[in-house]
Amino acid sequence: MLRKPIEGEKKVFMTGNEVVAWAALAAGAEIMYGYPITPQNEIMHYWTRLAPRFGRKFLQTEDELSAGFTTLGGVLSGVKAFTATAGPGNTLMQEPMSMAEMMRIPSVVIIQQRGGPSTATVIYSQQEVTMTCFGGNGEGLRVVYSTASHQELFDYTIKAFNTAWKYRFPTFVLGDGYQAKMREPLEIYDPELRGIQLVDPEPYVVRPGIIGIDREAAHLRNTYNTEEELYEVISGHIRDYEAVAGEIEEYETWAIEDAEIVVVSHGVVSRAARMAVEELRASGIAAGYFRPITLRPFPVKHLREIADRVKELLVVESAYGQLQKLVQIAIYGSNASISGHLKPGVGVTAAEIVAKVTELRHGKDKGGIRK
Amino acid sequence: MNSLAQMPRCWRLASKPHKFCPGCGHGLALKALGIAIDELNIQNKVVFGCDIGCSLLAWDFFDVDTVQTHHGRTTPVIAGIKRARPEVIGIAYMGDGGGYAIGSQHLVNAASRNEKITVILINNTNYGMTGGQMAPTTLLGQKTETTPYGRTVEEAGFPTQGPEMVKAIAGENAYVARGTVANVRQLKRFFLRALEHQIAGKGFSFIEVLSSCPTNWRTNARDTWKFLEEEMTKYFKVGEIGVTAAEKEVAACPE
């Protein structure tokens, strides 16, 4: 049986869903549990074709509740397990992820966002930000990577398994329908050849040894008798989360040093934002670019430093202010004003962003949220 | 009542006396299960999953690896473990709500996929922990907090006959039985057969356990046993359901 799915490095031209399947193999995922929903289906299609060649497994469950909970079972048993979903499936996935959050189960979920609310469109949006970051009946102690390219889908899917197992918080890779379905060039690689040490999983149950002689039986629960007992456990999780948040946070900037207006965006929208900022710079406007790669934990400190220096932030997203809320919370109290270019469920072009920034510079647009 | 004298070796002494209400059937069911685990000598291989509802009080009941899950989701958690680590012996333990209402899709699909796990479902004809509301198993005419004038077919349909349903879905792949805490020796045998079925890799096994809830039934000891042994068994037939005729053991068989 072949174990190494990728030898060395390879230039490829693939859809995002295919990239995710290869990345999960490269990361050492042993089993995928899944339920069909567009636009993430091809992750399962590729996984079910590739997995048997590398001794990996798959289970098609009855719904996303089951896909999420069987994934938790796989993780508890000590293997790298993952699932993928979208839209209303993501809604159902919040229940198992609440359990993962509370019980510190290192589950990995790939989300390819589609239009919401409810079932809505099956293609594209950035409307699953709030749900993916904070969707459970908990405190949102998760890690959410928002990818902007196929290369990042590959890199961050591998990273998601390491992050999950290192810190033991549920970890999401937040893509979208465009990333899922379009094809673009990237390099896939054996992570070890690039010095990426894969974090080994460990069993939570059925550890080696004999109960009562060389190990205790595991008693895993997320039920507590008193509010104080719950408070104590959650407080510990929050401390752990806050202690590592700085290590986990990632962001990308460009032309930020002397910027007067900074365009803030995430995911594929940031590709348009980057192009717009380049055009604005070429026409002499001091625009800058900021992209949070981790939406949870949000790179608060870094964005705040920028907000303290610039006059204005323009948040651009394919949602009605889901990223904007994160930005507002992050920079609360700073002097920069915030405007939004918010287009729930549809894509954003560089030309629109250029036009919006130009309008703002001329004071024609009084909309958005200003402090 | 046909009792078993000794305490199972795999019971966790530190959590005894247990947390169930006086007169609750869970302790008896868990005792029968504990003895079955002892007899098969599988303490180190078992993962015991419990649901939300009264069954969650079993989260530290045994000295076996245990995971308490969400309401209705114990079956997929145990199925997920078993799929990843087939050498594990997976036991999903739940109430009638967890198996027949909120988790029914998981029970149906685990049975139809022939997941090689053992599901144990405690039927006490009501939702105990939440305060005695109607369950899928509430008998016709039975009063609960949400059927204060008695369950009717018009409003709530017929009580779910789970083992019969599972048998219809899973067919010859599954071991299916209905036991009762009024006969723990027989119940233990059903558990043994179910676990042996799993260990042999044959497939799904499912046991419904008729159990008592004097707190919510508001019954004294005599009426509790009368309801369990006389009323419940009229509708819920005790015995092995999912085995061939030659293997079949009926509830009334002598000890």
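Chains as they are written, first to last, in full-length UniProt numbering: chain A, 1 to 371; chain B, 1 to 255.
We put the CB at the ideal spot given by N, CA and C, even for glycine.
As the structure is a computational prediction, the values presented were derived from the model and not from experiment.
Test: lysine 57/A CB closer than 9 Å to a CB of chain B: yes
Residues of its chain near lysine 143/B, where Cβ-Cβ distance is below 6 Å and the 5 sequence neighbours each way are ignored: Gly150
Close Cβ partners of proline 201/A (< 7 Å) along its chain, the five nearest in sequence each way excluded: Gly78, Val79, Lys80 and Trp165
Secondary structure of methionine 50/B, DSSP reduced to three states: In the sequence as presented, methionine is not what sits at residue 50/B; that position holds cysteine. Three-state DSSP puts cysteine 50/B in a strand.
Serine 55/B - DSSP class collapsed to helix/strand/coil: helix
Proximity of glutamine 179/A and glycine 267/A at Cβ, strictly below 9 Å: yes
Rounded straight-line distance, which links the Cα of serine 318/A to that of phenylalanine 82/A: 27 Å
Under 9 Å between C-beta atoms of isoleucine 105/A and leucine 59/A: no
DSSP bridge partner residues for methionine 275/A (one or two, in chain order): According to DSSP, which records beta bridges pairwise, methionine 275/A is partnered with nothing at all.
N-terminal and C-terminal residue of the beta strand (DSSP E) that lysine 10/A is part of: 9-15
Closer than 9 Å to chain A by CB, aspartate 38/B: no
Three-state secondary structure assigned by DSSP to asparagine 225/A: coil
Sheet register partners of serine 205/B (DSSP bridge): Thr118/B and Tyr175/B
Proximal residues, the stretch 70-97 of chain B versus chain A, C-beta separation under 7 Å: Look at the stretch 70-97 of chain B: the residues with a C-beta under 7 Å from a C-beta of chain A are His70, Arg73, Pro76, Val77, Ile78, Ala79, Gly80, Ile81, Arg83, Ala84, Arg85 and Val88.
Range of the contiguous alpha helix (DSSP H) that encloses aspartate 155/A: Aspartate 155/A -> alpha helix (DSSP H) spans 150-167.
Environment of serine 211/B [buried if 16+ CB atoms lie within 10 Å]: With 16 or more neighbouring CB atoms inside 10 Å of its own CB, serine 211/B falls in the buried class.
Short Cβ contact (9 Å threshold) for threonine 253/A with histidine 302/A: yes
DSSP state of threonine 69/B mapped onto helix, strand, coil: coil
Stretch pair the stretch 153-163 of chain A + the stretch 113-130 of chain A: three plus CB contacts closer than 8 Å: no
CB contact check: lysine 45/B to chain A, cutoff 9 Å: yes
Within 9 Å, strictly: CB atoms of alanine 182/B and tryptophan 225/B: Closer than 9 Å, so yes.
is_contact[valine 206/A, chain B] using C-beta, thresh 9 Å: yes
Integer-rounded CB distance, given that valine 166/B should sit under 8 Å from alanine 111/B: 5 Å
Short CB-CB distance (under 9 Å) between tryptophan 11/B and chain A: Answer no: the Cβ-Cβ gap between tryptophan 11/B and chain A never drops below 9 Å.
Alanine 355/A to valine 122/A span [Cα, whole Å]: 29 Å
Through-space distance from aspartate 223/B to glutamate 87/B, alpha-carbon basis: Here the alpha carbon of glutamate 87/B sits roughly 44 Å from the alpha carbon of aspartate 223/B.
Closer than 9 Å to chain A by CB, leucine 56/B: yes
Selection of the stretch 14-40 of chain B by Cβ proximity to chain A, strictly under 7 Å: none
Chain A contact for asparagine 59/B (CB, 9 Å cutoff): The residue you asked about is not asparagine; residue 59/B is tryptophan in the sequence shown. Yes, because at least one Cβ of chain A sits closer than 9 Å to the Cβ of tryptophan 59/B.
Reference histidine 197/B, options Gly179/B, Glu155/B and Asn173/B, closest by Cα: Asn173/B
Contacting residues, own chain, Cβ-Cβ under 6 Å from aspartate 308/A (five flanking each side not counted): Cβ within range, chain order: Ser334.
Same chain, Cβ closer than 6 Å to alanine 23/A, five either side skipped, listed in chain order: Phe154, Thr157 and Ile158
Min CB distance threonine 226/A to chain B below 9 Å: no
Cα-Cα separation, glutamate 255/B to cysteine 213/B: Here the model assigns glutamate 255/B a pLDDT of 45, short of 50, so the residue's position is not dependable, and the following value carries that caveat. Rounded to whole angstroms, glutamate 255/B to cysteine 213/B spans 26 Å at the Cα level.
Length at least 3, wholly inside the stretch 191-242 of chain B: the beta strand (DSSP E) runs in chain order: Scanning the stretch 191-242 of chain B from its first residue to its last, the whole beta strand (DSSP E) runs of 3-plus residues come out as 205-210.
9 Å Cβ cutoff, proline 203/A in contact with chain B: For proline 203/A, the nearest CB of chain B lies under 9 Å from its own CB, placing it at the interface with that chain.
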